[in-house]
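Some notes on the structure that comes next.
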Ligand code: CTP
């Protein structure tokens, strides 16, 4: 088998320079990349840069090398087309089937997965015309990644920024691995909590746990690649924002509850992958707690935190909402897991064994997925991303058919 063929479409926005990095990541990981820039994008990055970095010609027009019929061949032979950045104009053309240059022709002839990474000013992204075009493209099976929030060109800040090239590359890698399967979570809003809460004792100390957030982030990345709108409620994580996910940062269990409940109001799925502290200090000392010579430390009184998973499971914001919990156990893993599934009232419980050297902070995981109707799926030791895919497979079969 030859190298997977990727078409990198580049349309005319300042973020075009970031696609040089995306191209590098694709070529260095063994993809044969053909860059198809629009004429406008050449104002930002020239043809020579694309040709040199990709090792392939980079043309914008259908009138070059006509004997090779490039306007049809490039799309037909691609395994993946990714357009980054995708401007409002390019999205409009793609949604309406216009074909006035090589990139738009390629989009019409491609039968492989297509990923759009839009980048534009917030007003343009939010305009009903753009939103309708995005909805049209998604309905037809394309993956349109939500832009990131942050610095835009000039003085503006807001939604519309191109996600980091490394994160767009991650989406491409997953979509290529899934092949021609249409994204099955398109039109779904999923809420994922990740990381571990910290309960402050005083301005410099907290009670916390060892969760890294990696499993929750793997769930977010795989959900984006399967087409979902993702809200990631991240508690004290130090990981890069996944492309396409709306990241809400929280610190404590109470803040996490608030953010999860708010996002869950219109969610199809809620996955509680965060390690939420069961207790918090009853009192918060406004100043640093000092040791006193000759005196024993004062005991720390704790109070219960709300159980977010149990609350969400008992009071579903939407009919048919699927709720997934996690359980980290050190002993009697399965028996404790089954009891917890009943107690929490969720649909699926992902149970894993934890200990000093297992799971926390690692890239790999092993788990059993228990379902409320009694089934039990053993997921062998492997990347957290592989476990995430199995979780989404299980969620996907439990989702009610999409509303028209
Ligand atoms: N969880 C939650 N709110 C809490 C505690 C936990 O939503 N206050 C969620 C976690 O996100 C996870 C699940 O509940 O999805 C299981 O967490 P775990 O700590 O294993 O369960 P506990 O109810 O705390 O059970 P125990 O400590 O007795 O094992």
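Residue numbers (the working numbering): 946 to 1349.
The beta carbon of each residue, even a glycine, is placed where N, CA and C say it ideally should be.
Here the structure is a predicted model, which means the values were calculated and not measured.
Contact between the region 1065–1075 and the region 1149–1163 is absent, with fewer than three C-beta pairs closer than 8 Å. For the 8 Å CB-CB criterion, residue 968 and residue 998 form a contact. Residue 1025 is bridged by DSSP to 951. Within 7 Å of the C-beta of residue 1250 there is at least one heavy atom belonging to the ligand CTP. Per DSSP, the beta bridge partners of residue 1309 are 1328.
By the C-beta criterion, the region 948–955 is judged to be in contact with the region 1026–1044, since at least 3 inter-stretch pairs fall below 8 Å. For the region 1087–1131, the continuous beta strand (DSSP E) assignments of 3+ residues that do not extend past its boundaries occur at 1093–1096, 1102–1106, in sequence order. The C-beta separation of residue 972 from residue 978 comes to about 5 Å, placing the pair in contact by the 8 Å criterion.
Looking at the DSSP output, residue 1323 sits in a beta bridge with 1313.
For the beta strand (DSSP E) assignment, the uninterrupted runs of no fewer than 3 residues enclosed by the region 1135–1218 are, from N- to C-terminal side, 1144–1147, 1150–1152, 1174–1180, 1190–1195, 1214–1217. DSSP places residue 1056 outside both helix and strand once states are collapsed to three, so it counts as coil.
Residue 982 sits in a strand when the DSSP states are folded into three classes. If you draw a 10 Å sphere on the C-beta of residue 1334, you find 16 or more other C-beta atoms in it, and that means buried. According to DSSP, residue 1273 shares a beta bridge with 1297. Short note on residue 1254: C-beta closer than 7 Å to some heavy atom of the ligand CTP. Per DSSP, residue 990 has no beta bridge partner at all. In the structure shown, residue 1244 falls within a coil segment according to DSSP collapsed to helix, strand and coil. Put simply, the backbone Cα of residue 1198 is about 19 Å away from that of residue 1231.
Between the ligand CTP and residue 1007, a heavy atom-to-CB distance of less than 7 Å is absent.
Around the Cβ of residue 1202, a 10 Å sphere holds 16 or more other Cβ atoms; the residue is buried.
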